[in-house]
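**Student:** Sharing a structure here in structure tokens format.
Residue numbers (the working numbering): 34 to 326.
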């Protein structure tokens, strides 16, 4: 009975905070929230993350309530993270704050169905704090996964660009062909953004620098700096692309070697504590039984 009362009081506290957030929001934003209008309409099926896609209708209704929260530092940091995770076009920081509120409420309630320890108020609140940090962790994982996909696709794409330029195509036309015929992925999306920026009036160097700042991967930054330098000096871009493609192949091979070495080290723990003892029991068990007889 006490645990039920605590859960109800927790839900009432969440409702009180929601009402406070509603009152802090600007009048125009409150009216949008009351009418159920969206600040911007987005097709939620295009959101890459499954969790954001499932919760998007609810988050879109709740997001206007969080516009009154300043949190300047957090907003600036997470806006960059959302952009680098590839969901900045669909998910705003207000959506993220709304998701934090939802997970802070429902994570402990969900866990309390399976863990008796969550009837303890202190552990219940600890679960709420952990739930509030889940969306940030989700965005970080999305960013890392996107960076891995870009790194995996970059050497092959640079190879194709190098061959196309050496065959006589202009660099931007070669990039357009790569966008049209390349494999679907974050790198192709970024290349399409570069072309779109150039069509809107940016120089090639500015568009490439924007690509490097959006992705913030050292390998990409190095690649972009070489292209920008060649562009500034008026040098032929074909040899530069060929050199960069060769360098990226070597770096990819080195990364694979390092990953293999780390995997060897990581497998030692389960081998020592789980596999070797089991093998020892299977081999020595019958011998021990013979001695006991």
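C-beta: ideal position from N, C-alpha, C; glycine also.
Roughly how many angstroms separate the alpha carbons of residue 281 and residue 196, rounded to a whole number?
**Tutor:** Residue 281 and residue 196: Cα-Cα distance of roughly 15 Å.
**Student:** Classify residue 226 as helix, strand or coil using the three-state DSSP reduction.
**Tutor:** Helix at residue 226.
**Student:** Can you list, in chain order, the stretches of the beta strand (DSSP E) that have 3 or more residues and sit fully within the segment 94 to 154?
**Tutor:** Within the segment 94 to 154, no complete beta strand (DSSP E) run reaches 3 residues.
**Student:** Do residue 127 and residue 165 come within 8 Å of each other at the CB atom, strictly closer than that value?
**Tutor:** Result no, Cβ atoms of residue 165 and residue 127 do not sit closer than 8 Å.
**Student:** Should residue 141 and residue 161 be called a contact, given that it needs their Cβ atoms to be closer than 8 Å?
**Tutor:** Yes, these two residues count as a Cβ contact at 8 Å.
**Student:** Is the segment 227 to 239 close to the segment 303 to 318, with three or more CB pairs under 8 Å?
**Tutor:** Flag = no, the segment 227 to 239 and the segment 303 to 318 do not touch.
**Student:** Could you check if residue 131 is buried or exposed, using at least 16 other CB atoms within 10 Å of its CB as the buried criterion?
**Tutor:** The residue in question, residue 131, is buried, as its Cβ has 16 or more Cβ neighbours within 10 Å.
**Student:** Please look up how many angstroms separate the CB atoms of residue 172 and residue 114, rounded, as I've assumed it's under 8 Å.
**Tutor:** That pair is a contact at about 5 Å.
**Student:** Just to confirm, is the Cβ distance from residue 304 to residue 191 under 8 Å?
**Tutor:** Their beta carbons are not under 8 Å apart, which means residue 304 does not touch residue 191 by this criterion.
**Student:** Out of curiosity, what's the CA-to-CA distance linking residue 179 and residue 314?
**Tutor:** Using only the alpha carbons, I get a separation of about 44 Å.
**Student:** Spatial neighbours of residue 321 within its chain, please: CB distance less than 8 Å, with the 5 preceding and 5 following residues excluded, ordered by chain position.
**Tutor:** The answer is none, since no qualifying residue turns up.
**Student:** With a threshold of 16 other CB atoms inside 10 Å of the CB of residue 103, please say whether the residue is buried or exposed.
**Tutor:** So residue 103 ends up on the exposed side.
**Student:** My output table needs one value for residue 217: the three-state DSSP class, helix, strand or coil.
**Tutor:** Correct three-state label for residue 217: coil.
**Student:** What number of angstroms, rounded off, separates the C-alpha of residue 287 from the C-alpha of residue 86?
**Tutor:** Going by the C-alpha atoms only, they are around 36 Å apart.
**Student:** So is residue 300 buried or exposed if we call it buried at 16+ other beta carbons inside 10 Å?
**Tutor:** Exposed, by the Cβ-count rule.
**Student:** Going by beta-carbon coordinates alone, are residue 268 and residue 218 separated by less than 8 Å?
**Tutor:** It is not a contact, given that the beta carbons lie outside the stated cut-off.
**Student:** Among 223, 245, 284, 129, which has the Cα closest to the Cα of residue 112?
**Tutor:** When each option's Cα is compared against that of residue 112, the closest is 129.
**Student:** To the nearest whole angstrom, what separates the beta carbons of residue 271 and residue 198, a pair I think is in contact under 8 Å?
**Tutor:** Residue 271 to residue 198, Cβ: 4 Å. Contact.
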